[in-house]
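Here's the structure we're looking at; comments come further down.
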Amino acid sequence: MPKDTFYLTTPLYYTQGDPHIGHGYTSIAADVLARFHRVTGDGKVHFLTGTDEHAQKIADAATAIGKTPKQFVDDMLERWKAQWQALDISYDQIIRTTDADHKAAVQSIFARLRESGDIASGKYEGWYCRNDETFWVESKLIDGRCPNPECRRPVEWVSEDAWFFKQSRYRDRLIEHFRANPDWVRPQSAYNEMMAILEGGLEDLCVSRSAVSWGIPIPDEPGSTIYVWFDAICNYITAAGYPHDLARFEHLWPANVHLIGKEIARFHTIIWPAILMALGLPLPHLVFANGWITMGGIKMSKSLGNIVSAAELIERYSVDGVRYLLLSQATYGTDFSISDEQMVRRYNADLANDLGNLVQRTLSMLARYRDGKVPSPSRTSELARGFESARDGASTSLHALDFRGALGWIWGRVAELNLHVERTKPWELAKRGDDRALDDVLYELCEGVRWISALAYPFIPTTSEAIWRALAQDGLPGKFWERELQWAKLAAGTQTNVPPALFPRIEVQDAVS
RNA sequence: GCCUCGGUAGCUCAGCGGUAGAGCAGGGGACUCAUAAGCCCUUGGUCGCAAGUUCGAUUCUUGCCCGAGGCACCA
9 MPKDTFYLTT PLYYTQGDPH IGHGYTSIAA DVLARFHRVT GDGKVHFLTG TDEHAQKIAD
69 AATAIGKTPK QFVDDMLERW KAQWQALDIS YDQIIRTTDA DHKAAVQSIF ARLRESGDIA
129 SGKYEGWYCR NDETFWVESK LIDGRCPNPE CRRPVEWVSE DAWFFKQSRY RDRLIEHFRA
189 NPDWVRPQSA YNEMMAILEG GLEDLCVSRS AVSWGIPIPD EPGSTIYVWF DAICNYITAA
249 GYPHDLARFE HLWPANVHLI GKEIARFHTI IWPAILMALG LPLPHLVFAN GWITMGGIKM
309 SKSLGNIVSA AELIERYSVD GVRYLLLSQA TYGTDFSISD EQMVRRYNAD LANDLGNLVQ
369 RTLSMLARYR DGKVPSPSRT SELARGFESA RDGASTSLHA LDFRGALGWI WGRVAELNLH
429 VERTKPWELA KRGDDRALDD VLYELCEGVR WISALAYPFI PTTSEAIWRA LAQDGLPGKF
489 WERELQWAKL AAGTQTNVPP ALFPRIEVQD AVS
């Protein structure tokens, strides 16, 4: 009955448009975390992702191409799924906000909050942008137009009865929670920003829309629908079974982490916890807002035409290449820039030269000197301790969502093994006929490679599996770390083979510099 | 306009009170198991600018400049 599963979520992706690598980045981070938790501890993980499919913009986009909204979002979903598949995202569940269960659950949540008085009727008067489905205060308008730079359409004055979520009731409790849990929103910059908003005061949130038909109908009030953000944000509990499957819900909730992009931090760290407080539910342990991938420091946007898709990157660097390059580029949470030149360099250096070549040279020497059979070592390797601290360091880093730090620990061992080859010079041992020393070196190189396969699995699952199989190992690489990552677990006599190049070098035509 | 974050070697980024670090790139060298990879040595920085606090500041404070972002569409 108690919570016993590591529950993590991505945002619900808004299906008005196609996915780009920024969305993929959040999904990759979530996937690495999910895979890490599957191969450590008791391995119980639930990884939720999904799509946000309501709102007027989607209905309009559908109409524009002659589809019904439902057909439109069905088609969009396939495109998002294709991206997730291409990036090897191992989600356990997809929730769509058009799912019947979700709709019923949101209606039930809405009704319940209305009963408790947390959602109350009021009158909304103000300037409304139909395109953005957003109310604006007069001071924000620019020449009587929507202040959103990508909209700038004329706004209209509306006055209507509406439902309000009384989030202002929870301001003090929210502040208290922020103070008591200074790590619950990360990175620090997001925490600061949200805390400042809270201290500045909270207004109640209008959660009904009378002019939007493509949405979840408000109970007993068929004319209007629930505000799309209220609908969407509830997915984290409706997907877990609230309120229709409480037995399941109790295993999952509260979520261990919501991974989001920084622009939606407010919804996840103010509005969402206020809703949970109103429902009497515990809050998620952590909301982690990642930064943006920029192109030379500039945000990707349609208007600039600098959108990069996952497919383009995968074609050039391979899936594992993309996963590695994005997560190793910068500390998770900060913005960072990418460029082809930079990525090619690091792909060649870290993946092709350091890791790929290490595996190749190790298994080639084993094939050449021992017919591919893992020899029996005569002693415990001096490398063991370094690998054990890398395992512990990577684990600590991943628990803290420090993906870059974890990769640093792992690649430190890659470097160590390459260096070890140079120090021990197996080819000289072979020439000299020093069989015992050669056996020891070959064994510890193979064992080190096995560890690297296991440690790197959450990041580069395809490659790790290829290494794991080359070493004739079964199952998921390194499942479970506590059992598999014991030095000298690799059995003597194992028959290995030399796999094709894991990361073929990318040759570049040198530009004039 | 208000708020947040950043400005550190050619590039991408760490560090954050005791006169600067990593990886890559560049230069030189010894080797050959390997994806001409790996290994060793090495060039390279007034830590955005200016004041202040301090015995001492890249590290703290203030102001300014530049960049990115948030301000209820958007990873």
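Just add 8 to wherever you are in the first sequence, counting from 1, and you've got my numbering.
Beta carbons are placed, not taken as given, at the ideal position from N, Cα and C, and that holds for glycine.
Neighbourhood of residue i by C-beta distance below 6 Å, restricted to the same chain and skipping five residues each side
{"i": "Leu335", "result": "Phe411"}
{"i": "Trp495", "result": "Ala392"}
{"i": "Val520", "result": "Because the pLDDT of Val520 is 33, which lies under 50, any placement of that residue in the model is unreliable, and the question is left without a value."}
{"i": "Glu133", "result": "Ser167"}
{"i": "Tyr465", "result": "Ser472, Pro485 and Gly486"}
{"i": "Leu463", "result": "Ala402 and Ile418"}
{"i": "Ala248", "result": "Phe257, Leu260 and Trp261"}
{"i": "Ala282", "result": "Gln175 and Tyr178"}
First and last residue of the uninterrupted beta strand (DSSP E) at residue i
{"i": "Phe344", "result": "Phe344 to Ile346"}
{"i": "Arg104", "result": "Gln101 to Arg104"}
{"i": "Asp169", "result": "Glu164 to Phe173"}
Contacting residues, own chain, Cβ-Cβ under 7 Å from residue i (five flanking each side not counted)
{"i": "Phe467", "result": "Val40, Arg331, Tyr332, Leu335 and Leu415"}
{"i": "Tyr325", "result": "Leu333, Met351 and Tyr355"}
{"i": "Ile234", "result": "Val114, Phe118, Val215, Ser216, Gly223, Ile224 and Ile226"}
{"i": "Asp343", "result": "Gly299, Trp300 and Thr302"}
{"i": "Asp518", "result": "With a pLDDT of only 43 at Asp518, under the threshold of 50, the placement of this residue in the model should not be trusted, and no figure is reported."}
{"i": "Asp169", "result": "Ser129 and Lys131"}
{"i": "His259", "result": "Lys11, Asp12 and Thr13"}
{"i": "Phe275", "result": "Trp237 and Ile241"}
{"i": "Arg399", "result": "Leu463, Trp489 and Leu493"}
Exposure label - residue i; buried when at least 16 CB within 10 Å
{"i": "Trp419", "result": "buried"}
{"i": "Val81", "result": "buried"}
{"i": "Leu493", "result": "buried"}
{"i": "Gly329", "result": "buried"}
{"i": "His407", "result": "exposed"}
{"i": "Ile73", "result": "exposed"}
{"i": "Ser347", "result": "exposed"}
{"i": "Gln79", "result": "exposed"}
{"i": "Ser372", "result": "exposed"}
{"i": "Ser232", "result": "buried"}
{"i": "Asn505", "result": "exposed"}
{"i": "Thr388", "result": "exposed"}
{"i": "Asp60", "result": "buried"}
{"i": "Ser397", "result": "exposed"}
Which residues DSSP lists as bridging residue i, in chain order
{"i": "Asn298", "result": "Gly269"}
{"i": "Gln503", "result": "Lys381"}
{"i": "Glu133", "result": "Ser167"}
{"i": "Ala128", "result": "Phe172"}
{"i": "Thr13", "result": "Beta-bridge pairing links Thr13 to no other residue."}
{"i": "Leu20", "result": "Gly58"}
{"i": "Arg194", "result": "Phe296"}
Nonlocal neighbours in the same chain, by C-beta distance under 8 Å from residue i, ignoring five residues either side
{"i": "Arg444", "result": "Ser386"}
{"i": "His293", "result": "Trp192, Pro262, Ala263, Asn264 and Val265"}
{"i": "Gly125", "result": "Lys174"}
Bounding residues of the alpha helix (DSSP H) (the contiguous stretch that carries residue i)
{"i": "Arg444", "result": "Asp443 to Ala464"}
{"i": "Phe467", "result": "Segment: none, Phe467 is in no alpha helix (DSSP H) and carries neither H nor E."}
{"i": "Thr34", "result": "Ile29 to Arg46"}
{"i": "Leu260", "result": "Leu254 to Leu260"}
{"i": "Leu335", "result": "Val327 to Gln337"}
{"i": "Asp26", "result": "Counting along the chain, Asp26 falls outside any alpha helix (DSSP H), and DSSP gives it neither H nor E."}
{"i": "Arg179", "result": "Arg179 to Ala188"}
{"i": "Arg440", "result": "Pro434 to Arg440"}
{"i": "Leu284", "result": "Trp280 to Leu287"}
{"i": "Arg491", "result": "Trp489 to Glu492"}
Any alpha helix (DSSP H) of 4 or more consecutive residues that is wholly inside the stretch 353-413: 365-378 and 392-407
Give, in chain order, every unbroken run of the alpha helix (DSSP H) that is at least 4 residues long and sits entirely within the stretch 53-77. 64-72
Go through the stretch 198-251 residue by residue and report every complete run of the beta strand (DSSP E) that reaches 3 residues or more, in order. 229-234
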